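Written below as structure tokens is the structure these notes are about.
Number of protein chains: 2
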Amino acid sequence: MQSYDVVVVGAGPGGEVAAGKLAEAGLSVAIVEGDKVGGECSFYACIPSKALLRPGELLEEVRHVPGAAEAATGSLDVPAVLGHRDELIGHLDDAGQVPWLTDRGVTLVRGWGKLVGERQVAVGDEVLEARKAVILAGGTRAALPDIDGIDDVNPWTNREATTAQEIPASLVIVGAGVVGSEMAQAYVSLGARVTLLAGRGVLPREEDFAGQQVAERLAEQGVDIRTGSRPTAVRRDDSGVTVTLGDGSTVTADQILIATGRTPQAVDLGLEVVGVKSEGFVEVDAHMRVPGQDWLYVIGDLNGRALFTHMAKYQAAIASGEILGKPMVAEHMADGPGAPRVIFTSPQVAAVGHTTTSAEEAGLRVRVVDVGTEANAGGSYSGGGVGTARFLVDDQRNVLVGVTITGTAVAEFLQAATIAIVGEVPVTRLRHAIPSFPTRSELWLYFFNELGI
Amino acid sequence: MQSYDVVVVGAGPGGEVAAGKLAEAGLSVAIVEGDKVGGECSFYACIPSKALLRPGELLEEVRHVPGAAEAATGSLDVPAVLGHRDELIGHLDDAGQVPWLTDRGVTLVRGWGKLVGERQVAVGDEVLEARKAVILAGGTRAALPDIDGIDDVNPWTNREATTAQEIPASLVIVGAGVVGSEMAQAYVSLGARVTLLAGRGVLPREEDFAGQQVAERLAEQGVDIRTGSRPTAVRRDDSGVTVTLGDGSTVTADQILIATGRTPQAVDLGLEVVGVKSEGFVEVDAHMRVPGQDWLYVIGDLNGRALFTHMAKYQAAIASGEILGKPMVAEHMADGPGAPRVIFTSPQVAAVGHTTTSAEEAGLRVRVVDVGTEANAGGSYSGGGVGTARFLVDDQRNVLVGVTITGTAVAEFLQAATIAIVGEVPVTRLRHAIPSFPTRSELWLYFFNELGI
Numbered sequence: 456m457q458s459y460d461v462v463v464v465g466a467g468p469g470g471e472v473a474a475g476k477l478a479e480a481g482l483s484v485a486i487v488e489g490d491k492v493g494g495e496c497s498f499y500a501c502i503p504s505k506a507l508l509r510p511g512e513l514l515e516e517v518r519h520v521p522g523a524a525e526a527a528t529g530s531l532d533v534p535a536v537l538g539h540r541d542e543l544i545g546h547l548d549d550a551g552q553v554p555w556l557t558d559r560g561v562t563l564v565r566g567w568g569k570l571v572g573e574r575q576v577a578v579g580d581e582v583l584e585a586r587k588a589v590i591l592a593g594g595t596r597a598a599l600p601d602i603d604g605i606d607d608v609n610p611w612t613n614r615e616a617t618t619a620q621e622i623p624a625s626l627v628i629v630g631a632g633v634v635g636s637e638m639a640q641a642y643v644s645l646g647a648r649v650t651l652l653a654g655r656g657v658l659p660r661e662e663d664f665a666g667q668q669v670a671e672r673l674a675e676q677g678v679d680i681r682t683g684s685r686p687t688a689v690r691r692d693d694s695g696v697t698v699t700l701g702d703g704s705t706v707t708a709d710q711i712l713i714a715t716g717r718t719p720q721a722v723d724l725g726l727e728v729v730g731v732k733s734e735g736f737v738e739v740d741a742h743m744r745v746p747g748q749d750w751l752y753v754i755g756d757l758n759g760r761a762l763f764t765h766m767a768k769y770q771a772a773i774a775s776g777e778i779l780g781k782p783m784v785a786e787h788m789a790d791g792p793g794a795p796r797v798i799f800t801s802p803q804v805a806a807v808g809h810t811t812t813s814a815e816e817a818g819l820r821v822r823v824v825d826v827g828t829e830a831n832a833g834g835s836y837s838g839g840g841v842g843t844a845r846f847l848v849d850d851q852r853n854v855l856v857g858v859t860i861t862g863t864a865v866a867e868f869l870q871a872a873t874i875a876i877v878g879e880v881p882v883t884r885l886r887h888a889i890p891s892f893p894t895r896s897e898l899w900l901y902f903f904n905e906l907g908i
Numbered sequence: 456m457q458s459y460d461v462v463v464v465g466a467g468p469g470g471e472v473a474a475g476k477l478a479e480a481g482l483s484v485a486i487v488e489g490d491k492v493g494g495e496c497s498f499y500a501c502i503p504s505k506a507l508l509r510p511g512e513l514l515e516e517v518r519h520v521p522g523a524a525e526a527a528t529g530s531l532d533v534p535a536v537l538g539h540r541d542e543l544i545g546h547l548d549d550a551g552q553v554p555w556l557t558d559r560g561v562t563l564v565r566g567w568g569k570l571v572g573e574r575q576v577a578v579g580d581e582v583l584e585a586r587k588a589v590i591l592a593g594g595t596r597a598a599l600p601d602i603d604g605i606d607d608v609n610p611w612t613n614r615e616a617t618t619a620q621e622i623p624a625s626l627v628i629v630g631a632g633v634v635g636s637e638m639a640q641a642y643v644s645l646g647a648r649v650t651l652l653a654g655r656g657v658l659p660r661e662e663d664f665a666g667q668q669v670a671e672r673l674a675e676q677g678v679d680i681r682t683g684s685r686p687t688a689v690r691r692d693d694s695g696v697t698v699t700l701g702d703g704s705t706v707t708a709d710q711i712l713i714a715t716g717r718t719p720q721a722v723d724l725g726l727e728v729v730g731v732k733s734e735g736f737v738e739v740d741a742h743m744r745v746p747g748q749d750w751l752y753v754i755g756d757l758n759g760r761a762l763f764t765h766m767a768k769y770q771a772a773i774a775s776g777e778i779l780g781k782p783m784v785a786e787h788m789a790d791g792p793g794a795p796r797v798i799f800t801s802p803q804v805a806a807v808g809h810t811t812t813s814a815e816e817a818g819l820r821v822r823v824v825d826v827g828t829e830a831n832a833g834g835s836y837s838g839g840g841v842g843t844a845r846f847l848v849d850d851q852r853n854v855l856v857g858v859t860i861t862g863t864a865v866a867e868f869l870q871a872a873t874i875a876i877v878g879e880v881p882v883t884r885l886r887h888a889i890p891s892f893p894t895r896s897e898l899w900l901y902f903f904n905e906l907g908i
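Heads up: the protein sequence lines correspond to chains C and U, in order.
Sequential numbering from 456 applies to the first sequence in my numbering.
Sequential numbering from 456 applies to the second sequence in my numbering.
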């Protein structure tokens, strides 16, 4: 039996960061991975999706800027897009990711890890003992919805959609959350006819205007968006995949992508062996520890708090800090449903903290201030399209509790809002943080003006 | 004699904002302008320079993104760039700017305003009386350096460079501050042969790495940068303009642009009539009031605090707030030399607060942390080039006191740093402001890592 200070199960972004930080601090660390080091994010999610979206987004921007537009007369080069995507995902080989771990002295154990007792992880016939702690970072996989026939049509999930070597002539997407919306945009810009089955609408968890603006742009690009009715059956035959909706209508396409959410990979982790509920997300405390098990941490998607790579890495810092005696707890609205998030559609959607709906549900009395993302001097020359910035000010505490910004290339606008919220900077103090002219960040100035400060 | 609550002299961005805010609050306001409503910024500086730079910057970005690069095989369309520039500056007609004032009930008086007594401004034969206050917002104009022959060669200043209808085959630029560096980039990308006489180097007031990176990019684009020696004489003849440098070398070009700084338009404002020093920048207190003259405010470039449009607008809010009995003072390092600033070169330079040099001069003990702007997942697909982010942490107070970020399209990164500095958010709290993956804002995460928090 090999013995380590810490055994990490799962080498996605959360597991990697936790293992790296612990090893850098001098602990002996083993990390167990049955698939690819780097995880879903590096190979089948964040990275390849951005590689598919970025070229189209940038060309759209160029076409709005006279002088540059005339130089960009060609269309997206699809093989080049896919080829660059393949490079960025290392052609699905994790060899490029391993050195980050091994350079830090982390022992990589290939195979599926499973708890077989307190502080004990089995990988095949081998058992790894953890003197200090076990960190589970098993992540999630695509959830398949309960639709008649779904198991017989071999549907795409995010994995196939992000790594496809050919663009199907037509694609039907079930679900219009982040994955469904991003892939609808990517595939329509890459030349597919796309039908988006949006049920409750596009991006239903974000501010209404965000989903509406993305839906409008998708429709302009030719995406057929169907709302209000859910798929009830799906069949595949020689003509492709046919989805029947609750209202009796049908959609036929060459391929189907299921994008209806994620399910934790908690089964077969051996949680029940140590008395922890073994299905669904695993509950943890503010230190990412499983209540009652002072040696067991769960980070990343698996704890269900905030299914984002950046939050997995944040939780990795919290768990490893706790193990190293440098405790830090998730706080200041940085965690959970208010976590910062960016959806890389056109327009992009960048949000942190509450939406109007979630603030209401939380019983907060907020002042809602909307300004145009492009309605300033910075917007006049930069090449952006439609966009809105919504600020939610807590009336009692005089601080921001939520910001949503839509528009072209607004992903990098988010950190300012996140710092304002996490720092709980009073709006009267924020007013002295002057955005430079002529940048689109002057949306902050318009926010101050609307507030009358 | 017409009487108003407030008379504003100068309808640049500062004067406009002050007049607008006062009129919106119900005061009667006259604004006096002898040139264009909108000022230097709208017609001869911020706006046309961005219009000249943006197309080239965007094309450069596109050429770094496989899939989009193949669509952009043409070159910059110079007439289209100039045409769009002309649109954005209203073809040098301020008719589009006037309604912003008149809609708010501000009286526009055309002509040059001059103090002729306490609370009295003459415009030609007319005298306007100000019951409450006079705000001077006269701005600056290009300073001509003391070079033998300069008065005889009819040199370009920012005005001619930003509004040129033809691109000269060759251009020599004296001075490599913001105007010189931006115009060097614009003109080389528009097809001119450019020589940049940089004296102390490119962007000497910013971090060394910023100037070096911009200089390297300019050199790559073909700009001939001469440092270490200053112009001593200039002559124009049939072959163009010849500049002689202190080391005896010469440069000949079709046109010369002087970009060696700004001088306040304080002469002929009548300041001496009310006993105020009438040359150079006019000193003001934290309320933008001239000491000893409780009715006289000076905002924008004219007070010399921070020569930026956004700071003029900020000072306009301070002065008008004071007049309206809602006092707000410039504070929290938002004002003065630490004001936020963006230089729209390639790479862009975005900075707020101290540089390493200014922090040292101020006697601060700072920890300097450098990370790569593009050295993260966001940089892998977005199309950026070289870039560095420098964070200066005050060791005693544990807060940021300066940030400089260089890179592609980093202008919008600045507001996060500005909020962190103005909000005096401790770095241990900042650590919970998690940048989204995969954005380039993860440079903040790398900063936290380097700090070991």
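Every residue, glycine too, gets a C-beta built ideally from N, C-alpha and C.
Here the structure is a predicted model, which means the values were calculated and not measured.
- Residue-level contact by beta carbon fails for residue 715(U) and chain C, as no gap is shorter than 9 Å.
- Listed along chain U, the residues sitting closer than 8 Å to residue 766(C) by beta-carbon distance are 889.
- Within the stretch 623-689 of chain C, the runs of beta strand (DSSP E) that reach at least 3 residues and sit entirely inside it are, in chain order, 625-629, 648-654, 679-682.
- Inclusion of residue 830(U) and residue 901(U) in the CB contact set at 9 Å is warranted, their separation being smaller than that value.
- Only exposed fits residue 456(C), as fewer than 16 other CB atoms lie within 10 angstroms of its CB.
- Following the DSSP letters along the chain, one finds residue 874(U) in no beta strand (DSSP E) but inside the alpha helix (DSSP H) bounded by residues 869-877.
- For residue 713(U), the closest alpha carbon among the candidates 634(U), 640(U), 754(U), 747(U) is that of 634(U).
- In the three-state reduction of the DSSP assignment, residue 803(U) falls in the strand class, which pools E and B.
- For residue 547(C), none of the residues of chain U pass the 7 Å Cβ criterion, the least Cβ distance being about 16 Å.
- Residue 668(U) sits buried, since 16 or more C-beta atoms from the chains shown fall within 10 Å of its C-beta.
- Scanning 877(U), 863(U), 769(U) for the CA closest to the CA of residue 904(C) turns up 769(U).
- Using a CB distance cut-off of 9 Å, residue 899(C) counts as an interface residue toward chain U.
- Counting C-beta atoms within 10 angstroms of its own C-beta, residue 781(C) has fewer than 16 neighbours from the protein chains shown and is therefore classed as exposed.
- When DSSP states are grouped into helix, strand and coil, residue 611(U) belongs to the strand group.
- Nearest neighbour of residue 631(U) by Cα position, chosen from 619(U), 679(U), 593(U), 585(U), turns out to be 679(U).
- Straight across, the Cα-Cα distance linking residue 575(C) with residue 583(C) is about 6 Å.
- Counting along the chain, no beta strand (DSSP E) covers residue 517(C); the unbroken alpha helix (DSSP H) around it starts and ends at 501-517.
- Closest by C-alpha distance to residue 716(U), out of 793(U), 887(U), 724(U), 613(U), is 613(U).
- Contact of residue 531(C) with chain U by beta-carbon distance below 9 Å involves 522, 523, 525, 526.
- By the criterion of a C-beta distance shorter than 6 Å, residue 617(C) is surrounded in its chain by 499, 503, 504, once the five residues flanking it on both sides are discounted.
- Per the Cβ contact rule, the stretch 839-852 of chain U is not in contact with the stretch 871-882 of chain C (fewer than 3 Cβ pairs under 8 Å).
- Straight-line measurement puts the Cα of residue 827(U) at about 24 Å from the Cα of residue 863(C).
- Distance from the Cα of residue 856(C) is smallest, within the candidate group 867(C), 834(C), 822(C), for 822(C).
- Neighbours of residue 867(U) across chain C, judged by C-beta separation under 7 Å: 867, 868, 894, 895, 896.
- Residue 608(C) is positioned such that its CB atom lies no closer than 9 Å to that of residue 681(C).
- Taken in chain order, the complete alpha helix (DSSP H) segments of 4 residues or longer contained in the stretch 822-896 of chain C are 832-836, 869-877, 882-885.
- Ranked by Cα distance from residue 794(C), the options 762(C), 650(C), 625(C), 468(C) are led by 762(C).
- In this structure residue 859(U) does not touch residue 671(U) by the C-beta definition: roughly 16 Å separates them, more than the 8 Å allowed.
- Of the candidates 592(C), 544(C), 507(C), 611(C), 592(C) places its Cα closest to the Cα of residue 468(C).
- Below 8 Å, enough C-beta pairs join the stretch 556-572 of chain U and the stretch 468-482 of chain U to call them touching: three or more.
- Counting C-beta pairs with one atom in each stretch, the stretch 646-665 of chain U and the stretch 728-743 of chain U have fewer than three that are closer than 8 Å, which means they do not touch.
- Under the 8 Å Cβ criterion, the stretch 864-871 of chain U counts as touching the stretch 803-814 of chain U, having at least three qualifying pairs.
- Against chain C, a Cβ distance below 7 Å from residue 477(U) picks out nothing, because the smallest value is about 14 Å.
- Distance between residue 525(C) and residue 486(C), taken at the CA atoms: about 52 Å.
- Separation of residue 483(U) and residue 774(U) (C-alpha to C-alpha, rounded to the nearest whole angstrom) is 16 Å.
- Close to residue 563(U), with beta-carbon spacing below 8 Å, lies no residue of chain C; the smallest spacing is near 21 Å.
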